[in-house]
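K.L.:
Right, I'll just put the structure down here and ask away after.
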Amino acid sequence: MHGQCFPDSRTERGTQSARPLLPRILFIAALLAPMLVVADDDAWAERGDGITLNFEDADIKSVIALVSERTGRNFVVDPRVRGELTVISSQPVDDDQLYQVFLSALQIHGFAAIPADGAIRIVPKNIAKRDQTPVPEPGTAESGHNFVTQVIPIEHVEASELIPLLRPLISDEAELAAYSETNTLIVSETAGNIGRLKRLIDRVDQDTTGVTEVVPLEHGSASEIVEMVEAIEPEKRAGRRLLLAADDRSNSVLVGGDPARRPSVMELIQRLDAELEDEEGAAVIYLRYSDAESIVPILEGMAEGMARGPEGETGVSIHDHEATNALIINGPPDLVAKLRGVVNRLDVRRAQVLVEAIIAEVSAERSQELGIQWGALGDQGVGLVNFDAAGGGSVTNIGRAAAGGTDALGNLSLGSGLTAGAATRGGELGVLLRALSSESDSNILSTPSVMTMDNEEAEIVVGQNVPFVTGREVGDTRDFQSIQREDVGVQLRIRPQINEGDSLKLDIEKEVSDVQERGEAEDIVTSMRSITTSAMVDDGEIMVLGGLMDEQAESQTDRVPGLGSIPGLGWLFRYESSAAQKQNLMVFLRPRIIENRDDARELTSPKYNLIRNRQLASRARGMRFLDDEDIPVLSQRRAFMELPPEFGDRAGAPRQSGNLDAPPRRPDLF
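Each residue of the sequence shown is one higher than the one before, starting from 1 at the first, in the UniProt record's numbering.
Quick look at the structure:
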């Protein structure tokens with residue numbers, strides 16, 4: 001900040017002689033120059049221990065120079081500080097009083113003095129609240145017109161409730177805010193005005209809770225009565241809050257807070273705790289989230305331990321109504337109230353878990369074959385050197401096909417690769433060359449996913465239902481086969497359990513199977529990879545469950561004894577094949593906890609939009625013989641959930657059953 005600096009004129013006598021004389025004379029002359037102008041106008045006069053002020057339209061910087069000289073304080077003046085002051089005193093004032101009068105004059109003219117290291121900064125008020133104002137320690141006394149920022153802790157009322165009360169009492173340039181985390185007020189204002197605000201806050205911030213009173217109940221349920229009273233009582237006001245709590249263990253209501261409101265509330269509690277005309281009555285409890293049938297055994301076990309009649313009977317009957325998912329409890333009111341409290345704690349909305357499995361399989365296979373077959377025909381018989389390891393054509397097959405004519409040659413299968421042959425004109429000698437090199441690669445990625453509730457088992461199967469022959473029976477006229485169908489594909493069965501800290505315990509059974517080439521087998525051949533395990537995973541983390549890394553290499557050589565080992569010519573009497581296979585299979589898992597509607601939307605929207613965008617792209621490309629409107633496309637996410645107008649009003653209306661326990665309709669997740 002650019003400005004003027006007025007140094008302290010008070011120095012110790014012992015150091016004066018050590019300073020250069022000429023610079024000091026020049027400094028004093030420059031300091032007293034504006035004061036001479038004031039002195040000429042008789043702006044102030046020395047009287048005893050003080051001075052009498054008589055500033056009329058005096059330049060503010062001249063007044064600052066006088067205050068600096070008299071009080072020994074250093075000032076840094078902002079360039080925007082300019083104007084004239086009028087200060088008149090009929091009685092002499094000392095230096096401290098002069099400084100307070102000076103601060104008051106600054107405040108009136110829209111300026112503020114901010115203490116800093118070694119100097120006091122004088123700035124316009126509108127920027128003082130944004131400047132580095134000092135923050136005194138809590139409990140320290142501040143007074144005067146210095147602009148400071150004070151943190152005021154509030155003990156008994158909400159800090160935010162004091163804002164409307166204190167706002168009219170601060171200046172326009174001041175700032176007032178509440179910090180709810182620590183229940184404190186933050187005020188940027190002059191120190192004197194902050195002191196006045198603190199005295200007012202001390203009177204308002206009073207403890208009105210007093211002693212907590214316990215109201216025991218005889219007939220009603222503490223939780224239900226507290227809920228009803230809180231619904232009837234008006235909203236809390238600053239300093240007049242009413243505190244209610246239910247103690248289900250002793251079936252009592254705890255009352256604290258504003259003493260003036262307690263008598264009416266306690267009278268209301270006693271009226272609600274009235275004895276029913278019928279000692280035993282039936283209570284119908286509608287469940288929102290749980291299954292009524294699963295709750296019945298729990299309540300029956302608790303009722304058996306709570307109360308028994310003279311003949312060992314509990315006197316309580318508990319039934320479930322499947323159509324409305326409700327519990328019907330008949331018994332003594334106190335026992336019914338306790339069971340109702342248990343139901344309220346069990347009937348909570350449980351979190352859900354979306355489990356995504358990632359199955360990645362990469363495999364590669366390389367094979368090569370090379371061999372020669374010989375055949376000779378003579379008067380005395382036939383001689384063959386035949387290697388048919390690959391299942392291709394042989395010399396004898398080709399010979400039979402040639403003898404059978406054109407049709408037989410058309411049905412001849414020589415297998416894969418290069419097959420070349422030659423024979424003598426008379427057909428007495430033939431040779432067949434076979435060469436094959438094959439490569440195969442596969443990269444399979446599947447991501448099955450399934451949604452389930454906390455601690456509930458879920459299963460997803462994606463594949464085919466393949467028939468397998470399990471038995472044969474030969475009859476006199478007809479043969480019979482026994483067929484059993486099994487699922488082949490991806491199967492995922494999982495039970496998640498949410499633990500503290502958003503970690504999950506997962507019981508997992510995963511199986512990946514597919515149909516292979518039959519080969520020489522009589523029935524269908526399947527390959528299967530399965531994992532059964534339990535694991536602990538954090539929410540949203542990807543964890544590897546298991547996998548397989550397999551590498552195989554095979555080499556096979558068939559030869560004619562003796563001839564196949566001849567150097568240089570032995571390959572004419574050999575059949576060689578080699579194969580290498582690599583397989584990498586890894587299974588990963590990622591669970592996601594869904595606790596509310598926002599979590600469900602976050603996970604559902606990307607998947608829903610992905611499918612819809614692909615359908616829109618398919619419609620844009622078009623299909624032959626079909627109009628674009630005939631190509632199905634998912635509707636907008638809210639469009640397919642909307643009801644017709646005649647049903648729209650009923651969806652949001654409450655049930656007309658007349659039972660207050662009936663739960664309202666829940667909005668859809670989309």
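Using N, Cα and C, we set each Cβ at its ideal position, and we do this for glycine too.
Predicted, not measured: the structure shown is a model, and the values here were computed from it.
List the whole-angstrom C-beta distance separating ILE593 from ILE498, where the pair is believed to meet the contact cut-off of C-beta under 8 angstroms.
P.N.:
Counting from one through the sequence shown, the residue named residue 593 turns up at place 593. Counting from one through the sequence shown, the residue named residue 498 turns up at place 498. The Cβ separation is near 6 angstroms, so the contact holds.
K.L.:
Within its chain, find whatever has a CB closer than 8 angstroms to the CB of LEU197; leave out the 5 residues flanking it on each side and keep chain order.
P.N.:
Reading the sequence shown from its first residue, position 197 is the one you call residue 197. Closer than 8 angstroms at Cβ, skipping near neighbours: ILE152, LEU166, LEU169, ILE170, VAL187, GLU189.
K.L.:
Tell me the rounded alpha-carbon separation between ASN74 and PRO115.
P.N.:
Translated into positions along the sequence shown, residue 74 becomes position 74. Translated into positions along the sequence shown, residue 115 becomes position 115. The alpha-carbon atoms of ASN74 and PRO115 are separated by roughly 10 angstroms.
K.L.:
According to DSSP, is ASP258 part of a helix, a strand, or is it coil?
P.N.:
In the sequence shown, counting from the first residue as 1, residue 258 sits at position 258. Reduced to three states, the DSSP call for ASP258 is coil.
K.L.:
Going by the DSSP bridge assignment, what does GLU595 pair with across the sheet?
P.N.:
Here residue 595 is taken as the residue at index 595 of the sequence shown, counted from 1. In DSSP, GLU595 forms no bridge with anything.
K.L.:
Taking THR533 as part of the beta strand (DSSP E), name the residues at either end of that continuous run.
P.N.:
As a first step, residue 533 must be located in the sequence shown, where it is residue number 533. Here the beta strand (DSSP E) through THR533 covers 525-538.
K.L.:
Please report the Cβ distance between GLU554 and ALA579, rounded to the nearest whole angstrom; I am assuming they are in contact, meaning their Cβ atoms lie under 8 angstroms.
P.N.:
Here residue 554 refers to the residue found at position 554 when the sequence shown is read from its first residue. Here residue 579 refers to the residue found at position 579 when the sequence shown is read from its first residue. Right, their Cβ atoms sit about 5 angstroms apart.
K.L.:
By the three-class DSSP mapping on this structure, what secondary structure does TYR179 have?
P.N.:
Locating residue 179 in the sequence shown gives position 179, where the first residue counts as 1. If DSSP states are grouped into helix, strand and coil, TYR179 belongs with the strands.
K.L.:
Assign ARG70 to one of two classes, buried (16 or more other C-beta atoms within 10 Å of its C-beta) or exposed (fewer than that).
P.N.:
Your numbering for residue 70 matches position 70 in the sequence shown. So ARG70 counts as buried.
K.L.:
Using 8 angstroms as the cut-off, can you tell me whether the stretch 441-454 makes contact with the stretch 351-361, which would need three or more C-beta pairs spanning the two stretches below that distance?
P.N.:
yes
K.L.:
Going by C-alpha to C-alpha distance, which of PRO79, GLY72, GLY83, ASP78 sits closest to ALA58?
P.N.:
Within the sequence shown, the letter at position 58 stands for residue 58. Of PRO79, GLY72, GLY83, ASP78, the residue nearest in Cα terms is GLY83.
K.L.:
I believe TYR289 touches ARG349 by the beta-carbon criterion, under 8 angstroms. Please report the beta-carbon distance rounded to the nearest angstrom.
P.N.:
Numbered from its first residue, the sequence shown carries residue 289 at position 289. Numbered from its first residue, the sequence shown carries residue 349 at position 349. About 5 angstroms separates the beta carbons of TYR289 and ARG349, which is inside the 8 angstroms limit, making them a contact pair.
K.L.:
I'd like to confirm the pairing. Which residues does DSSP put opposite LEU327 in its beta bridges?
P.N.:
As a working mapping, residue 327 is identified with position 327 in the sequence shown. Partner(s): ILE285, ASP320.
K.L.:
Name the residue from LEU272, GLY50, ALA326, HIS156 whose alpha carbon lies nearest to the alpha carbon of LEU243.
P.N.:
Working through the sequence shown from its first residue, we reach residue 243 at position 243. Minimum Cα distance to LEU243 is reached at HIS156.
K.L.:
So, under 8 angstroms CB-CB, ARG485 and VAL512 are touching, yes? Tell me the CB distance rounded to an integer number of Å.
P.N.:
The residue given as residue 485 occupies position 485 in the sequence shown. The residue given as residue 512 occupies position 512 in the sequence shown. Their Cβ separation, rounded to whole angstroms, is 19 angstroms, which puts ARG485 and VAL512 out of contact at 8 angstroms.
K.L.:
On the criterion of 16 or more Cβ atoms from any shown chain inside 10 Å, does ASN613 qualify as buried, or is it exposed?
P.N.:
On the sequence shown, residue 613 is found 613 positions in, with the first residue counted as 1. Under this definition ASN613 is an exposed residue.
K.L.:
Are the CB atoms of VAL633 and ARG624 nearer to each other than 8 angstroms?
P.N.:
Taking the first residue of the sequence shown as position 1, residue 633 is located at position 633. Taking the first residue of the sequence shown as position 1, residue 624 is located at position 624. Not closer than 8 angstroms, so no.
K.L.:
Give the range of the beta strand (DSSP E) segment to which SER449 is assigned.
P.N.:
Taking the sequence shown and counting its residues from 1, the one referred to as residue 449 is at position 449. Segment 449-453, the beta strand (DSSP E) holding SER449.
K.L.:
Along the chain, where does the alpha helix (DSSP H) that runs through VAL63 open and close?
P.N.:
Stepping through the sequence shown from its first residue, residue 63 is reached at position 63. Counting along the chain, the alpha helix (DSSP H) containing VAL63 begins and ends at 60-71.
K.L.:
Would you report the Cα separation of TRP571 and ASP479, rounded to the nearest angstrom?
P.N.:
On the sequence shown, position 571 is the one that residue 571 refers to. On the sequence shown, position 479 is the one that residue 479 refers to. Spanning the alpha carbons of TRP571 and ASP479 requires a straight line of approximately 50 angstroms.
K.L.:
Of the residues SER68, THR86, ALA65, which one's Cα is nearest the Cα of GLU56?
P.N.:
Within the sequence shown, residue 56 is the residue found at index 56, counting from 1. Answer by Cα proximity: THR86.
K.L.:
Could you tell me the boundaries of the alpha helix (DSSP H) in which ARG349 lies?
P.N.:
For the purposes of this step, residue 349 is taken as the residue at position 349 of the sequence shown. First-last for ARG349: undefined, no H or E at that position.
K.L.:
Taking 8 angstroms as the threshold, find out whether the stretch 199-208 comes into contact with the stretch 220-228 through three or more Cβ pairs.
P.N.:
no
K.L.:
Quick check: what's the CA-CA separation for GLU158 versus THR182?
P.N.:
Walking along the sequence shown from the start, residue 158 turns up at place 158. Walking along the sequence shown from the start, residue 182 turns up at place 182. Looking at the two C-alpha atoms, the distance is approximately 10 angstroms.
K.L.:
Between the Cα of GLY118 and those of LEU162, VAL81, GLY72, spot the shortest distance and give me the residue it belongs to.
P.N.:
The residue given as residue 118 occupies position 118 in the sequence shown. It is GLY72.
K.L.:
With DSSP collapsed to three states, give me the class of ARG203.
P.N.:
The residue labelled residue 203 in the question sits at position 203 within the sequence shown. If DSSP states are grouped into helix, strand and coil, ARG203 belongs with the helices.
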